[in-house]
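Asks: With full-length UniProt numbering as the guide, the letters of the sequence shown map in order to residues 1 to 79. Can you keep this structure in mind? I'll have questions shortly.
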Amino acid sequence: MIPLDSARQIAEGFLDAEIRGRFSYPIVIVDYAVNELDDGYVFPYNGKAYVEAGDWHQAMAGNSPIVVDKRTGEARFSA
Numbered sequence: 001m002i003p004l005d006s007a008r009q010i011a012e013g014f015l016d017a018e019i020r021g022r023f024s025y026p027i028v029i030v031d032y033a034v035n036e037l038d039d040g041y042v043f044p045y046n047g048k049a050y051v052e053a054g055d056w057h058q059a060m061a062g063n064s065p066i067v068v069d070k071r072t073g074e075a076r077f078s079a
């Protein structure tokens, strides 16, 4: 089983590979909304200024959270 801190590192790497390069502003994991399921962890993400200060100019819409499988460590977008 992969612990939460390791799963978070995997999710950060997935954000780097799949998301961050597409935006002109920083993207962060929404820590207070991370959820642990029986088989994985769910990592929502959004624009940093939106998460920290409510700046709607950096809010993302329609983004699927990242799911990291507890057993394999595989990261993917939620279905």
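Ideal Cβ positions, reconstructed from N, Cα and C, are used throughout, including at glycine.
1. Count the C-beta pairs between the segment 47–54 and the segment 12–32 that are closer than 8 Å, then say yes if the count reaches three, no if not.
2. In whole angstroms, give me the CA-to-CA distance for Gln58 and Phe43.
3. Buried or exposed: which applies to Gly21, given that a residue is buried once 16 or more other Cβ atoms fall within 10 Å of its Cβ?
4. Based on Cα-Cα distance, which residue from Pro3, Glu18, Ala79, Val51 lies nearest to Ala33?
5. On a Cα-Cα basis, can you pick out the residue from Trp56, Phe77, Ala53 that is closest to Asn63?
Replies: Taking the geometry as given:
1. yes
2. For Gln58 and Phe43, the distance between alpha carbons rounds to 18 Å.
3. By the C-beta density criterion, Gly21 is exposed, having fewer than 16 other C-beta atoms within 10 angstroms.
4. Val51
5. Phe77
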